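A.B. asks: Below is one structure. I have some questions about it.
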DNA sequence: GGGTGTGTTATATATTTTATATAACACTTT
DNA sequence: AAAGTGTTATATAAAATATATAACACACCC
């Protein structure tokens, strides 16, 4: 799996990487129990600092997507945490507010959701 | 309409305000053509700096939700901008990746979407 | 016409966040 | 033993965020 940092983006590097890893897990590019690349290896591959990769891994751990031990960062999704779900719904409200105002009707949104779920 | 800043949140003040204003527009608390509170008034009301409110307004302008003239910031949603839609879809992919991993199934997501659309 | 209220711009300062660099530590695996 | 893990510590630099004070150009109203 190749991750890529957009150095011109205004999104923080660690956040870009975190999101790409979440997408990789959702699309089964990484399976439960698999070990992510080491912070040193990945930082070299994508051209950012080791500590920035480490921050991405730490956030992924805090958000319940991986567990980290001496072997490395292992995919381990912590499901059914009420707090996670609440946060997701809050973010959904905002993005759908934007979507409605930008002319995305309910039916189109459902179609988008289905298309995305089909990839996961 | 009352906006409120969570001073303990790790989300930037201008971003909190920006999102609350978008929600207010989506829920018809502010209608097309209405003037938002002045930057000075609103900054006093919610307890943050004038320039921070101004930044929220500027971002809302850049994202096509208001137009700003000498009268103030007027609600004026710029619909059907392809770039806006593309960005929304990108963000949807990430949030739905998180949702699926956290156990939110397709049917539940559709239900959530409907519930949110019902409020708009 | 003068006062008030707009957004806007400029300058300055302080804090926090982000990113990088180097080094070392404790532990595991080979 | 050697190499590879995450982790911690320290340091530095740049960018983002937030605040403060002041002024400007314009619109509106009494």
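Protein chains in written order, with this note's numbering: chain X, 140 to 259; chain A, 140 to 259. Note that the Cβ used here is the ideal one computed from N, Cα and C, for glycine as well. These numbers were taken from a predicted model, which means no experiment stands behind them.
#1: In angstroms with no decimal places, state the Cα-to-Cα distance between residue 169/X and residue 233/A.
#2: Taking only runs of the alpha helix (DSSP H) that begin and end inside the stretch 169 to 205 of chain X, which ones reach a length of at least 4 residues, in chain order?
#3: Kindly indicate which three-state DSSP category residue 149/X falls into: helix, strand or coil?
#4: In whole angstroms, what separates the C-alpha of residue 251/A from that of residue 208/A?
#5: DSSP three-state label for residue 212/X, please.
#6: Under 8 Å, Cβ to Cβ, is there at least one residue of chain A near residue 153/X?
#7: Give the residues of chain A in contact with residue 224/X, contact being defined as C-beta atoms less than 9 Å apart.
#8: Output yes if chain A places a C-beta closer than 8 Å to the C-beta of residue 190/X; else output no.
#9: Taking the beta carbon of residue 182/A as the centre, do at least 16 other beta carbons fall within 10 Å, making it buried, or is it exposed?
#10: If distances are taken between C-alpha atoms only, which option among 216/X, 161/X and 226/X comes closest to residue 148/A?
#11: Would you kindly check if the distance between the Cβ of residue 259/A and the Cβ of residue 166/A is under 8 Å?
#12: Compare the C-beta of residue 175/A against all C-beta atoms of chain X and say whether one is closer than 8 Å.
#13: Could you pull out every residue in the same chain whose Cβ sits closer than 7 Å to the Cβ of residue 159/A, ignoring the five residues on either side in sequence?
#14: So with CB distances below 7 Å, who are the chain X contacts of residue 231/A?
C.D. replies: Result, derived from the coordinates:
#1: 16 Å
#2: 178 to 185 and 189 to 201
#3: coil
#4: Roughly 37 Å between the two C-alpha positions.
#5: strand
#6: no
#7: 238, 241, 242 and 243
#8: In terms of beta-carbon proximity, residue 190/X stays away from the interface with chain A, with every pair separated by 8 Å or more.
#9: Counting of Cβ neighbours within 10 angstroms places residue 182/A among the buried residues, the total reaching 16 or more.
#10: Minimum Cα distance to residue 148/A is reached at 226/X.
#11: Contact flag set, yes.
#12: no
#13: 142
#14: 234, 251 and 255
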